[in-house]
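Residue numbers (the working numbering): 1 to 155.
Glycine included, every Cβ here is placed at the ideal spot set by N, Cα and C.
Take a look at the structure set out below.
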Amino acid sequence: MNIERTFVAIKPDAVQRGLIGKIVTRFEEKGFKIIGMKMIHVTPEIAAKHYEEHIGKPFYPSLVKFITSAPIIAMVVEGIDAVNEVRHIMGATNPQNADVGTIRADFSPLMSTNSVHGSDSVQSAEREIGIYFKPEEICPNWKTMMELIIDEQSK
Ligand code: IDP
Ligand code: MG
Numbered sequence: 001m002n003i004e005r006t007f008v009a010i011k012p013d014a015v016q017r018g019l020i021g022k023i024v025t026r027f028e029e030k031g032f033k034i035i036g037m038k039m040i041h042v043t044p045e046i047a048a049k050h051y052e053e054h055i056g057k058p059f060y061p062s063l064v065k066f067i068t069s070a071p072i073i074a075m076v077v078e079g080i081d082a083v084n085e086v087r088h089i090m091g092a093t094n095p096q097n098a099d100v101g102t103i104r105a106d107f108s109p110l111m112s113t114n115s116v117h118g119s120d121s122v123q124s125a126e127r128e129i130g131i132y133f134k135p136e137e138i139c140p141n142w143k144t145m146m147e148l149i150i151d152e153q154s155k
């Protein structure tokens with residue numbers, strides 16, 4: 001059990017369909033702490049950095065076209081085993097294979113418009129957070145209600 005940070009993006013399809021609130025709620029309700037958040041219209045240059053590992057794959061041009069088509073919500077999410085847990089909450093890359101109750105199963109029509117991104121490792125998370133956030137844009141120095149209660153009980 002580790003406290004980790006991960007990079008999460010609400011992708012253009014979900015922003016366009018008015019699902020920002022519902023998706024943020026999934027992470028908040030599970031107990032994750034959002035310590036960075038902004039809307040950004042991704043440029044082809046940022047897309048190339050973010051999706052570096054996919055450059056040259058057949059779906060890469062359509063992925064860049066999609067991710068630059070409307071704004072995303074970029075987030076830094078912190079919590080217990082955040083990297084894997086966030087991907088668990090998101091569901092499989094192809095929404096048709098995603099478990100019911102996951103974001104992608106519940107909200108995403110297609111693999112190419114699968115509503116959310118989550119880093120796939122602690123190393124990827126560090127790299128992706130660095131692409132989208134300056135250090136001063138991350139706000140870790142506050143306590144969730146649960147953390148305050150735990151502090152109070154340990155006095
Ligand atoms: P992930 O988002 O679950 O980590 P990746 O394999 O890293 O999945 O792929 C990045 C994104 O590229 C996916 O979320 C999806 O939007 C898109 N993608 C991946 N594979 C395909 C494909 O075969 N066809 C179309 N789009 C794809
Ligand atoms: Mg990935």
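- For M146, the closest C-alpha among the options V8, K33 and T25 is that of K33.
- Cβ atoms of H41 and P71 come within 8 angstroms of each other, at about 5 angstroms.
- Taking all protein chains shown into account, G79 has 16 or more neighbouring C-beta atoms within 10 Å of its C-beta and is therefore buried.
- In this structure, the alpha-carbon of A82 lies about 23 angstroms from that of I46.
- Annotation: the continuous alpha helix (DSSP H) that includes R104 extends over I103 to F107.
- Residues of the same chain with a CB within less than 8 angstroms of the CB of I20, apart from the 5 flanking positions on each side, are I10, A14 and I73 in chain order.
- By the Cβ test, the region 94-110 is in contact with the region 21-32, since at least three Cβ pairs between them sit closer than 8 angstroms.
- In this structure, ligand 1 has a non-hydrogen atom nearer than 6 angstroms to the beta-carbon of N114.
- Inter-segment contact for the region 88-104 and the region 49-60 is absent: fewer than three beta-carbon pairs are separated by less than 8 angstroms.
- The beta carbon of E137 lies closer than 8 angstroms to those of G36 and K38 in the same chain, with the five residues before and after it left out.
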